[in-house]
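**Q** Taking my numbering, I'd label the letters of the sequence shown as residues 56 to 505.
Beta carbons are placed, not taken as given, at the ideal position from N, Cα and C, and that holds for glycine.
Remember, predicted model here, so these are calculated numbers, not experimental data.
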Amino acid sequence: MSAFSDRGGRKYMEDVFQVKIEGEEPALSRSAEDPLVQKHGSEQQEGGGGRPTAEASPPRRTCPRTTQTHRGPLSAVWVETISAGGAGREAPTGTAHTTVHTSKSVAFFAVFDGHGGQEAAHFARDHLWDILKSQKGFWSRDNEEVCAALRKGFVACHYAMWKKLPDWPKTPTGLPSTSGTTASVVVIRGARMYVAHVGDSAVVVGVKDEDSDVRLQALEVTRDHKPEVPKERERIERLGGSVMKKSGVNRVVWKRPRLTHNGPVRRSTVIDQIPFLAVARALGDLWSYDFYSGEFVVSPEPDTAVVTLDPARHRYIILGSDGLWNMMSPKDAVNMCHSHDKMGPRGMSCASRLGCTALVFWKQRMLRADNMTVVVLALQGRGGAPLPVHQDEVVVDLADHGPRPGSLCDSGCKDTQVGGREEEEDVMFFEEEEDMCGDEHDEDWTCLDW
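#1: Spatial neighbours of G339 within its chain, please: CB distance less than 6 Å, with the 5 preceding and 5 following residues excluded, ordered by chain position.
#2: Within 10 angstroms of its Cβ, does D222 collect 16 or more other Cβ (buried), or is it exposed?
#3: Assign S160 to one of three DSSP states: helix, strand, or coil.
#4: Please return the same chain residues whose Cβ sits closer than 6 Å to the Cβ of A424, not counting the five positions on each side in sequence.
#5: Using beta-carbon positions only, say whether T180 and F72 come within less than 9 Å of one another.
#6: Thinking C-alpha only, which one of P282, V250 and H213 is nearest E350?
#7: Could you name the residues of the same chain whose beta carbon sits closer than 6 Å to that of Y249, not counting the 5 residues immediately before and after it, in chain order?
#8: Have a look at R420, Q419, M421 and S376 and flag the residue whose alpha-carbon is nearest the alpha-carbon of A406.
#9: With which residues is L374 paired in a DSSP beta bridge?
#10: Using a Cβ-Cβ cutoff of less than 6 Å, which residues in the same chain neighbour L379 once the five nearest sequence positions on both sides are dropped?
#11: Taking the alpha helix (DSSP H) that D185 belongs to, which residues open and close that run?
#12: Can you grab the Cα-Cα spacing for the pair H182 / A211, in whole Å?
#13: Do you know how far the Cα of R206 is from the Cα of K188?
#14: Using three-state DSSP, classify R476 as helix, strand or coil.
#15: With P385 as the anchor, note down where its beta strand (DSSP E) starts and where it stops.
#16: If you draw a straight line from the alpha carbon of S232 to that of Q173, how long is it in whole angstroms?
#17: Which term fits G169, buried or exposed, when burial requires 16 or more other beta carbons within 10 angstroms of its beta carbon?
#18: Are the Cβ atoms of F209 and V253 separated by less than 9 Å?
#19: Does the distance from the CB of A251 to the CB of E275 come in under 9 Å?
#20: Leaving out the 5 sequence neighbours to the left and right, which residues in its chain are closer than 8 Å to D345 when beta-carbon positions are compared?
#21: Just tell me which of K281, V262 and H280 has its CA closest to the CA of Q272.
#22: Would a C-beta distance cut-off of 9 Å place W194 and F163 closer than the cut-off?
#23: With respect to the alpha helix (DSSP H) encompassing G410, which residues constitute its N-terminal and C-terminal limits?
#24: Does DSSP put F59 in a helix, in a strand, or in coil?
#25: Span of the alpha helix (DSSP H) holding W217?
#26: Between which two residues does the alpha helix (DSSP H) carrying R311 extend?
#27: Where does P443 fall in DSSP's three states?
#28: Can you round the beta-carbon distance between D371 and L432 to whole angstroms, since I take them to be within the 8 Å contact cut?
#29: What does a CB cutoff of less than 8 Å around P312 pick up in its chain, not counting 5 residues either side in sequence?
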């Protein structure tokens, strides 16, 4: 497993990721009502600067580090095959590899691409996993119950953000925070991979072609929640929202009283309609609450899917924010991982190779690179020849207590596969006032400057 995170050409770093590996036995003391439940188990967190804390820090390219704990059977260790003397030089043939075996472990991987400030992304990173695993049915062996728990957990996290909204920084015009985040989550228990997703980050699986070992096929487990998708547009309009184009990009409209308005909102109050957000589902974005329907126009409810993993066929799982997918097709990404492992690390991890290549593509197109976060899982069956491993990659060994690998997707949960993704510059979030754009505005500006 490896990870990569980079600010790109943006002024702020709002992408974060999270990796956790814990014992599968749920603690009875956990409460679904409290989003701030106590954390435990082996944890890796990335908050732009690579530190496992919620505080912001200067972003840099990094890979996760493993923290071991005495609680529960865990399975994250460092395995180095490249000498510390210099990048690109392979270690001696006799390099020792440490293996940690586990029993009944669950692995959690997530990528959060924030917008309008880092608060929502950091809150999801810090609390979503604890909320998910405390939901009734999460530890069930029934796929439908697990998927229902994932959906309930996402919504519970969303409403927990609402309670924290007064503590989040206001916009420059004095309105409540517009912070929100995409979320692409993978939970692996035995041979089953559960996926939950909102927004336009994505989860892709590299599948071995039965006719060839040279190229892999890409299975897109998630689909982007864009406002122009008919299903999403119909839902938005049904809730009283609307979709408008701004600079050629469809956006969910923020309907708010004119900034000069004072007092209660009445029928005569002038309402501004601002094309605001280029995704139809997200966590946060509390500005989208519709008081007439009592629901959020930007929905926090995720699509879910279940994949039965077979290491003989499924070689890679890639979680990435749209900073990667806007420059690289899923098929190219999985095959780059495949080529990377065939050639050997060559001085960088697999996730770093994907991320750095995407940054080059941004530069070649003369576009300002978006925030980018990539997590790559290389699957390997037991007893197979070990893959070459870079010093910035972690070996995770999960005991297989799940079903025998069989069908690609179990029928107990909705399959959300879709076709190709559009390769276009990311323009997710539109600032409140156009005259506030540019480099002259204050560093405390909480919105993105497109």
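**A** This is what the structure holds:
#1: Same-chain partners within the cutoff: A175, M216, S234, G235 and T236.
#2: Exposed.
#3: For S160, the secondary structure class from DSSP, reduced to helix, strand or coil, is strand.
#4: Residues of the same chain with a CB within less than 6 Å of the CB of A424, apart from the 5 flanking positions on each side, are G63, G64, L414 and W417 in chain order.
#5: The sequence given here has Arg at residue 180, not Thr. The Cβ atoms of R180 and F72 lie closer than 9 Å to each other.
#6: Checking every option, the nearest Cα to that of E350 belongs to H213.
#7: Short of 6 Å from the beta carbon of Y249, and not among the five residues preceding or following it, lie these beta carbons of its own chain, in chain order: V201, V242 and V361.
#8: The residue with the shortest Cα to Cα distance from A406 is S376.
#9: Bridge partners of L374: V258 and V430.
#10: Cβ-Cβ distances below 6 Å link L379 to A413, M427 and V429 in the same chain, with the five nearest sequence neighbours on each side left out; the list follows chain order.
#11: E174 to K188 is the span of the alpha helix (DSSP H), which, as asked, contains D185.
#12: Distance from the CA atom of H182 to the CA atom of A211, rounded to whole angstroms, is 10 Å.
#13: Cα to Cα, the separation comes out at about 12 Å.
#14: The predicted position of R476 is uncertain, since its pLDDT is 44 and thus under 50; no value can be drawn from it.
#15: DSSP places P385 outside any beta strand (DSSP E); the residue lies instead in the alpha helix (DSSP H), whose first and last residues are P385 to M398.
#16: Cα-Cα distance, rounded: 10 Å.
#17: Residue burial annotation: G169 is buried, with at least 16 other C-beta atoms found within 10 angstroms of its C-beta.
#18: V253 sits close to F209, with the two beta carbons spaced by under 9 Å.
#19: The beta carbons of A251 and E275 sit no closer together than 9 Å.
#20: So the list reads L294, G295, G296, F351 and V352, once near-sequence residues are dropped.
#21: The shortest CA-to-CA distance from Q272 to any of K281, V262 and H280 is the one to V262.
#22: Going by C-beta atoms, W194 is not nearer than 9 Å to F163.
#23: Unbroken alpha helix (DSSP H) run through G410: C405 to Q419.
#24: Of the three classes helix, strand and coil, the one that applies to F59 here is strand, per DSSP.
#25: For W217, the enclosing alpha helix (DSSP H) has its first and last residue at N198 to K219.
#26: Not the alpha helix (DSSP H): R311 falls in the beta strand (DSSP E), residues V304 to P312.
#27: P443 falls in the coil class under three-state DSSP.
#28: The residue asked about is misnamed: residue 371 is Tyr in this sequence, not Asp. Here Y371 really is in contact with L432; their C-beta atoms are around 7 Å apart, less than 8 Å.
#29: Around P312: V320, T324, V325, I326 and D327.
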